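Structure first, commentary second.
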Amino acid sequence: MDMSTSPQTDPSPANSSGEDRRGLVKGLLAAAIGGFVALFPFFPGLLVLTSPLRKNRKTGGQMIRITTLGALAGSDSPRRFQVIAGRRDAWNKFSPEPIAGVYLAPQGEGNPPRAFSVTCPHLGCAVDYNGDTGEYQCPCHTSAFAADGQTLYGPSPRGLDELAVEIRGEDEVWIDYKRFEVGKSKQIEIPS
Numbered sequence: 001m002d003m004s005t006s007p008q009t010d011p012s013p014a015n016s017s018g019e020d021r022r023g024l025v026k027g028l029l030a031a032a033i034g035g036f037v038a039l040f041p042f043f044p045g046l047l048v049l050t051s052p053l054r055k056n057r058k059t060g061g062q063m064i065r066i067t068t069l070g071a072l073a074g075s076d077s078p079r080r081f082q083v084i085a086g087r088r089d090a091w092n093k094f095s096p097e098p099i100a101g102v103y104l105a106p107q108g109e110g111n112p113p114r115a116f117s118v119t120c121p122h123l124g125c126a127v128d129y130n131g132d133t134g135e136y137q138c139p140c141h142t143s144a145f146a147a148d149g150q151t152l153y154g155p156s157p158r159g160l161d162e163l164a165v166e167i168r169g170e171d172e173v174w175i176d177y178k179r180f181e182v183g184k185s186k187q188i189e190i191p192s
């Protein structure tokens with residue numbers, strides 16, 4: 001028998017590749033729709049989980065007790081105090097701990113002290129009070145500030161940040177603690 005004259009058969013039918021492609025497209029489309037439907041209940045859960053991150057952060061400080069007037073008595077020089085407060089992030093609340101520092105400058109009998117943040121408005125270094133010169137001085141970049149917080153010299157774009165003071169009860173000194181952006185000529189409060 002001569003093999004050259006007999007008809008040859010193609011093992012793969014012509015229609016088979018077209019149907020395979022359509023089947024693949026149908027399968028991918030079904031998987032995409034199924035995946036979308038399966039993810040639909042996931043989104044509300046994600047919204048609930050991330051809701052603390054989307055809450056508006058408040059501006060305005062918080063009133064924090066610093067010391068008593070008695071602790072300031074007997075000196076005309078500013079004294080440095082720690083600001084101790086609890087912190088809260090999106091999910092956690094932390095117990096009170098030191099979060100910053102302030103200088104309380106006595107203003108004479110019967111007047112509340114003035115409060116200045118220890119944070120230098122230039123780059124955020126901690127300023128020191130020099131009793132010999134009566135100046136607040138930044139040891140990092142040589143900015144100096146007068147007793148009233150105004151810039152005397154140096155690269156600081158503004159004076160020390162003054163914080164509101166309130167006397168509660170007989171002699172408790174409370175401050176309205178706020179943080180401000182450094183390196184800016186105007187006070188821009190950082191939301192807490």
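The opening residue of the sequence shown carries number 1 in my numbering; numbering runs sequentially from there. Each residue gets a CB set at the ideal place from its N, CA and C atoms; glycine is no exception. These numbers were taken from a predicted model, which means no experiment stands behind them.
Give the DSSP-derived three-state secondary structure of residue i in the structure shown.
{"i": "R79", "result": "strand"}
{"i": "G101", "result": "strand"}
{"i": "K178", "result": "coil"}
{"i": "P96", "result": "strand"}
{"i": "G124", "result": "coil"}
{"i": "I190", "result": "coil"}
{"i": "A73", "result": "coil"}
{"i": "T133", "result": "coil"}
{"i": "E172", "result": "strand"}
How many angstroms separate the CA atom of residue i from the CA atom of residue j?
{"i": "A126", "j": "T119", "result": "5 Å"}
{"i": "A147", "j": "G134", "result": "6 Å"}
{"i": "S95", "j": "D176", "result": "19 Å"}
{"i": "D76", "j": "L104", "result": "10 Å"}
{"i": "L39", "j": "A85", "result": "42 Å"}
{"i": "K186", "j": "R158", "result": "7 Å"}
{"i": "T59", "j": "D161", "result": "Any reading at T59 must be qualified, since the residue scores a pLDDT of 48, below 50, and its modelled position is unreliable; the value itself is stated next. About 16 Å."}
{"i": "I190", "j": "K178", "result": "8 Å"}
{"i": "I99", "j": "L46", "result": "32 Å"}
{"i": "L29", "j": "G35", "result": "10 Å"}
{"i": "V83", "j": "P112", "result": "17 Å"}
{"i": "A115", "j": "T50", "result": "37 Å"}
{"i": "R88", "j": "F81", "result": "22 Å"}
{"i": "E170", "j": "R65", "result": "13 Å"}
{"i": "K93", "j": "R22", "result": "57 Å"}
{"i": "A32", "j": "L24", "result": "12 Å"}
{"i": "A73", "j": "V48", "result": "52 Å"}
{"i": "G108", "j": "I167", "result": "14 Å"}
{"i": "C140", "j": "W91", "result": "36 Å"}
{"i": "T151", "j": "P44", "result": "52 Å"}
{"i": "Y136", "j": "L123", "result": "15 Å"}
Since residue i and residue j are thought to touch, with beta carbons under 8 Å apart, how far apart are those beta carbons, to the nearest angstrom?
{"i": "C138", "j": "S117", "result": "Contact doesn't hold; Cβ gap of about 12 Å is too wide."}
{"i": "V173", "j": "T68", "result": "6 Å"}
{"i": "P121", "j": "V182", "result": "6 Å"}
{"i": "P78", "j": "Y129", "result": "5 Å"}
What are the partner residues of residue i, as DSSP defines its beta bridges?
{"i": "F116", "result": "Y103, E162"}
{"i": "T151", "result": "F145"}
{"i": "R88", "result": "K93"}
{"i": "T193", "result": "Any question about residue 193 goes unanswered here, given that the chain covers just 1 to 192."}
Quick one: is residue i near chain D, going by C-beta distance under 8 Å?
{"i": "S95", "result": "In summary, chain D is missing from the structure at hand, where a single protein chain is found."}
Report whether the distance from the Cβ of residue i to the nearest heavy atom of the ligand SAH is below 7 Å.
{"i": "G183", "result": "Annotation note on the ligand SAH: not contained in the displayed structure, which lists no ligands."}
At 3 residues or longer, and completely inside the segment 18-43: list those beta strand (DSSP E) runs for me, N to C.
Qualifying beta strand (DSSP E) stretches: none in this window.
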